[in-house]
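This report concerns only the one structure given below.
Residue numbers (my numbering), protein chains in the order written: chain A, 3 to 320; chain B, 3 to 320.
Here is the structure:
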């Protein structure tokens, strides 16, 4: 048995690979098999993280395992899907036992938090890269799309924004901060908890939804384009954490919240009346208007043109 | 729009990404959505190909696109599943228009031959690597497993073996051959056609099945282990192509057929009576016995111990 085959056996023995609801056959045959309840659709998403582009080569494998899975599962939350299973395609330059143990531990922790099972994958030799494909189930026709926002709907987000962007210089060792400031930000960067419960509650309630990965303004642009509407964001309503404010101050924190990527917090639109039944926390940050594009309003109700809507890839910042 | 986002749009516009049976939502939202008919299960498999390990860096992107998809779809055939859809995680060092056009063309050709639709993926910057995850449907309980072989069953394969191993020195430019010898072998290496029709016919008929990727003897070992039986292979019955014989001669051709990897031909076991209803071509090459392991019999009916059961990874041969 080759060392890479040994790795497959290693993952097959992990607690998160022992099956779960909907998993008819896990690791070990040519394919895995999933059962899907009648009246449901299967939601599928794939995300790749490459060393040196999406994470530093030398980062803690436990944190990397958590993050690789969380980033992918967040797309299930964004569709209002319930997580079922995932596959892992892991490319490694060599086989380090400690690295593998840490990575599997992180993967398993996040799998436990998301109630998702590892059902297969492939392990190959090469430059470090991780591709996770996630599977969820959602009642037929109730998946949350980007295309249903209607003028008059409110624009909401599921939590504080900008934490991951604020954490990036800490992750890269470019700056430091007291533990009570740094730790909440680093926790959010390395283990963003996919908002699966919120996504499930939004079924039949939200008119459009996605998870914020490119930055709030850029992702609002995706909803606006897909729905054929304009989105107005009230800068004063955008929620930022105490840790981010402490690290960056008000102006830079707001900038991070508006343009930073990797938040993996849901953004959604919904009629005001529908929001009354929402139990999970959320923040109203704007509204849907006729027109197109994204309009940012400052604290005085003045429209301002966002200077930067983009998102700096990790690889472009180092 | 960044150049990697442009690539996503490029693939989204490809003919193979325009949906198909079972595809409720394709590329463009947070997740794709699949419908699964009542009474069917979803079969899933993931394969990664890494430049310099599984293919030469400088190979024709059209051929690479064909092969990357074929290798993954072959796992659906091995389960008796009908192909529905696939995702593509593509990591590229840079964006070459010609390379992309060739790769997409090859991917599309193989997708057409397999009647499978591209429904999503991720494009990232990094060392060249391709991860394809395939989805198929199979009637509940009828998937072809590795674990059902029974003593008394016959052992069969779906076509000639060893062609890919024979092609490898041609692929690597280590030797040459006349076109009528080289071309059939190269065709098999770069565009192995997944035996989907054979797999579908084997539902409810075969007792065990897989696709030969590690080499006949090694893969027979997988069936033997999973089923708790022994497999006897009659060397004289193992089918080899005229091109392979012309390239290597009888002894080396047989060696390639027994131990070469990457054939992506189905191997299966079935009761003799069940085989009568099989319309697709197949070759009986041995039988299932009580015991364990794989026994190779020579032309005189003598048991011989295989000298080499392994499989030489591309990366280990260069």
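All C-beta atoms, glycine included, are put in the ideal place defined by N, C-alpha and C.
Next on the checklist: I need the DSSP call for residue 87 (chain A), collapsed to helix, strand or coil.
Outcome noted: As a first step, residue 87 (chain A) must be located in the first chain, where it is residue number 85. Three-state DSSP puts residue 87 (chain A) in a strand.
Next on the checklist: DSSP three-state label for residue 141 (chain A), please.
Outcome noted: On the first chain, position 139 is the one that residue 141 (chain A) refers to. Three-state DSSP puts residue 141 (chain A) in a strand.
Next on the checklist: Distance cutoff 8 Å, beta carbons only. Does residue 81 (chain A) sit that close to anything in chain B?
Outcome noted: On the first chain, residue 81 (chain A) is found 79 positions in, with the first residue counted as 1. Cβ-Cβ to chain B under 8 Å: yes for residue 81 (chain A).
Checklist entry - Closest by CA to residue 139 (chain A), which one among A:83, A:266, A:256? => result Numbered from its first residue, the first chain carries residue 139 (chain A) at position 137. When each option's Cα is compared against that of residue 139 (chain A), the closest is A:83.
Next on the checklist: So residue 199 (chain A) contacts chain B; which residues on that side make the cut at Cβ distance below 9 Å?
Outcome noted: For the purposes of this step, residue 199 (chain A) is identified with residue 197 of the first chain, where counting begins at 1. Those within 9 Å of residue 199 (chain A) in chain B number zero; the least Cβ separation is about 16 Å.
Next on the checklist: Could you check whether residue 40 (chain A) and residue 81 (chain A) sit closer than 8 Å to each other, using their CB atoms as the reference points?
Outcome noted: Locating residue 81 (chain A) in the first chain gives position 79, where the first residue counts as 1. Locating residue 40 (chain A) in the first chain gives position 38, where the first residue counts as 1. Their beta carbons are not under 8 Å apart, which means residue 81 (chain A) does not touch residue 40 (chain A) by this criterion.
Item to check | Collapsed DSSP secondary structure at residue 205 (chain B) in the structure displayed | outcome: As a working note, residue 205 (chain B) is residue 203 in the second chain. Of the three classes helix, strand and coil, the one that applies to residue 205 (chain B) here is coil, per DSSP.
Item to check | Rounded C-alpha distance that separates residue 174 (chain B) from residue 58 (chain B) | outcome: Numbered from 1 along the second chain, position 172 holds the residue referred to as residue 174 (chain B). Numbered from 1 along the second chain, position 56 holds the residue referred to as residue 58 (chain B). Going from the Cα of residue 174 (chain B) to the Cα of residue 58 (chain B) covers about 7 Å.
Next on the checklist: Whole angstroms are fine: how far does the CA of residue 101 (chain B) sit from the CA of residue 113 (chain B)?
Outcome noted: Counting from 1 along the second chain, the entry for residue 113 (chain B) is found at position 111. Counting from 1 along the second chain, the entry for residue 101 (chain B) is found at position 99. Each residue's Cα considered, the two are about 18 Å apart.
Item to check | C-beta neighbour in chain A for residue 52 (chain B), strict 8 Å | outcome: Walking along the second chain from the start, residue 52 (chain B) turns up at place 50. Yes, because at least one Cβ of chain A sits closer than 8 Å to the Cβ of residue 52 (chain B).
Checklist entry - Do the segment 204-215 of chain B and the segment 261-276 of chain B make contact, defined as three or more Cβ pairs closer than 8 Å? => result By the Cβ criterion, the segment 204-215 of chain B is in contact with the segment 261-276 of chain B, since at least three pairs of Cβ atoms, one from each stretch, lie closer than 8 Å.
Item to check | Residue range of the beta strand (DSSP E) that includes residue 33 (chain A) | outcome: Locating residue 33 (chain A) in the first chain gives position 31, where the first residue counts as 1. Run containing residue 33 (chain A): none; DSSP gives neither H nor E here.
Next on the checklist: Can you give me the C-alpha to C-alpha distance between residue 49 (chain B) and residue 243 (chain B), rounded to a whole angstrom?
Outcome noted: The residue labelled residue 49 (chain B) in the question sits at position 47 within the second chain. The residue labelled residue 243 (chain B) in the question sits at position 241 within the second chain. Approximately 27 Å, taken between the alpha carbons.
Checklist entry - Quick one, are the C-beta atoms of residue 264 (chain A) and residue 215 (chain A) less than 8 Å apart? => result Within the first chain, numbered from 1, the residue matching residue 264 (chain A) stands at position 262. Within the first chain, numbered from 1, the residue matching residue 215 (chain A) stands at position 213. Yes. Within cutoff.
Item to check | DSSP state of residue 285 (chain B) mapped onto helix, strand, coil | outcome: Residue numbering aside, residue 285 (chain B) sits at position 283 when the second chain is read from its first letter. In the structure shown, residue 285 (chain B) sits in a strand (DSSP, three-state: E or B).
Item to check | For residue 42 (chain A), the residue or residues it bridges with in DSSP | outcome: Numbered from its first residue, the first chain carries residue 42 (chain A) at position 40. For residue 42 (chain A), which the question treats as bridged, DSSP gives the partners A:141.
Checklist entry - DSSP three-state call for residue 183 (chain B): helix, strand or coil? => result Your numbering for residue 183 (chain B) matches position 181 in the second chain. Three-state DSSP puts residue 183 (chain B) in a helix.
Item to check | Under 9 Å from the C-beta of residue 148 (chain A): neighbouring residues of chain B | outcome: As a working mapping, residue 148 (chain A) is identified with position 146 in the first chain. The answer, in chain order, is 30, 31, 32.
Item to check | Closest Cα partner of residue 97 (chain A) within the set A:275, A:53, A:7 | outcome: Numbered from its first residue, the first chain carries residue 97 (chain A) at position 95. Taking only the C-alpha atoms, the option nearest residue 97 (chain A) is A:7.
Item to check | Contacting residues, own chain, Cβ-Cβ under 7 Å from residue 202 (chain B) (five flanking each side not counted) | outcome: One-based indexing of the second chain puts residue 202 (chain B) at position 200. Within the same chain, residue 202 (chain B) has close Cβ partners 82, 84.
Checklist entry - From A:205, A:153, A:66, A:47, pick the residue whose C-alpha is nearest to that of residue 75 (chain A); which is it? => result For the purposes of this step, residue 75 (chain A) is taken as the residue at position 73 of the first chain. Nearest of A:205, A:153, A:66, A:47 to residue 75 (chain A), Cα basis: A:47.
Next on the checklist: Can you give me the C-alpha to C-alpha distance between residue 35 (chain B) and residue 300 (chain B), rounded to a whole angstrom?
Outcome noted: Against the second chain, residue 35 (chain B) aligns to sequence position 33. Against the second chain, residue 300 (chain B) aligns to sequence position 298. Taking the straight line from one Cα to the other gives about 51 Å.
Item to check | Of the listed residues B:204, B:196, B:132, B:227, nearest to residue 55 (chain B) (C-alpha basis) | outcome: For this step, residue 55 (chain B) is matched to residue 53 along the second chain. Minimum Cα distance to residue 55 (chain B) is reached at B:132.
Checklist entry - Nearest-angstrom Cα distance between residue 107 (chain A) and residue 261 (chain A)? => result For the purposes of this step, residue 107 (chain A) is taken as residue 105 along the first chain, with counting starting at 1. For the purposes of this step, residue 261 (chain A) is taken as residue 259 along the first chain, with counting starting at 1. Each residue's alpha carbon lies about 32 Å from the other.
Next on the checklist: Per DSSP, what are the beta-bridge partners of residue 131 (chain A) in this structure?
Outcome noted: Position 129 of the first chain, counted from the start, is the residue given in the question as residue 131 (chain A). Note: residue 131 (chain A) sits in a beta bridge opposite A:52, A:93.
Checklist entry - Does the distance from the CB of residue 2 (chain A) to the CB of residue 234 (chain A) come in under 8 Å? => result Coverage of chain A is limited to positions 3 through 320, which leaves residue 2 (chain A) absent and any answer about it impossible.
Checklist entry - Whose C-beta lies closer than 6 Å to the C-beta of residue 317 (chain A) among residues of the same chain, with five residues either side of it excluded? => result Walking along the first chain from the start, residue 317 (chain A) turns up at place 315. Low per-residue confidence applies at residue 317 (chain A): pLDDT is 35, beneath 50, and the placement is therefore not dependable enough to give any value.
Next on the checklist: Counting only beta-carbon separations shorter than 8 Å, does residue 144 (chain A) have a partner in chain B?
Outcome noted: For the purposes of this step, residue 144 (chain A) is taken as the residue at position 142 of the first chain. Answer no: the Cβ-Cβ gap between residue 144 (chain A) and chain B never drops below 8 Å.
Checklist entry - Can we say the segment 186-193 of chain B touches the segment 61-77 of chain B, given the rule of at least three CB pairs closer than 8 Å? => result yes
Item to check | Minimum C-alpha distance to residue 162 (chain A) - residue among A:302, A:287, A:9 | outcome: Position 160 of the first chain, counting from 1, holds the residue named residue 162 (chain A). Per the Cα distances, A:287.
Next on the checklist: Please list the terminal residues of the continuous beta strand (DSSP E) segment that includes residue 27 (chain A).
Outcome noted: Numbered from 1 along the first chain, position 25 holds the residue referred to as residue 27 (chain A). Counting along the chain, the beta strand (DSSP E) containing residue 27 (chain A) begins and ends at 25-27.
Next on the checklist: Suppose you measure from the CA of residue 37 (chain B) to the CA of residue 145 (chain A); what does that come to, to the nearest Å?
Outcome noted: Reading the second chain from its first residue, position 35 is the one you call residue 37 (chain B). Reading the first chain from its first residue, position 143 is the one you call residue 145 (chain A). Their Cα atoms are separated by approximately 12 Å.
Checklist entry - Does DSSP classify residue 162 (chain B) as helix, strand or coil? => result The residue given as residue 162 (chain B) occupies position 160 in the second chain. Note: residue 162 (chain B) maps to coil in three-state DSSP.
Next on the checklist: Please give me, in chain order, every unbroken run of the beta strand (DSSP E) with length at least 3 that falls completely inside the segment 241-267 of chain B.
Outcome noted: none
Next on the checklist: Pop quiz: residue 165 (chain B) and residue 187 (chain B) are said to be a contact at Cβ under 8 Å. What is the actual Cβ separation, rounded to whole angstroms?
Outcome noted: To locate residue 165 (chain B), count along the second chain from 1; it is residue 163. To locate residue 187 (chain B), count along the second chain from 1; it is residue 185. Sure, about 5 Å apart at Cβ, within 8 Å.
Next on the checklist: If you measure between the beta carbons of residue 18 (chain B) and residue 168 (chain B), is that distance less than 8 Å?
Outcome noted: Along the second chain, read from residue 1 onward, the residue named residue 18 (chain B) stands at position 16. Along the second chain, read from residue 1 onward, the residue named residue 168 (chain B) stands at position 166. Cβ distance not < 8 Å, so residue 18 (chain B) and residue 168 (chain B) don't count as in contact.
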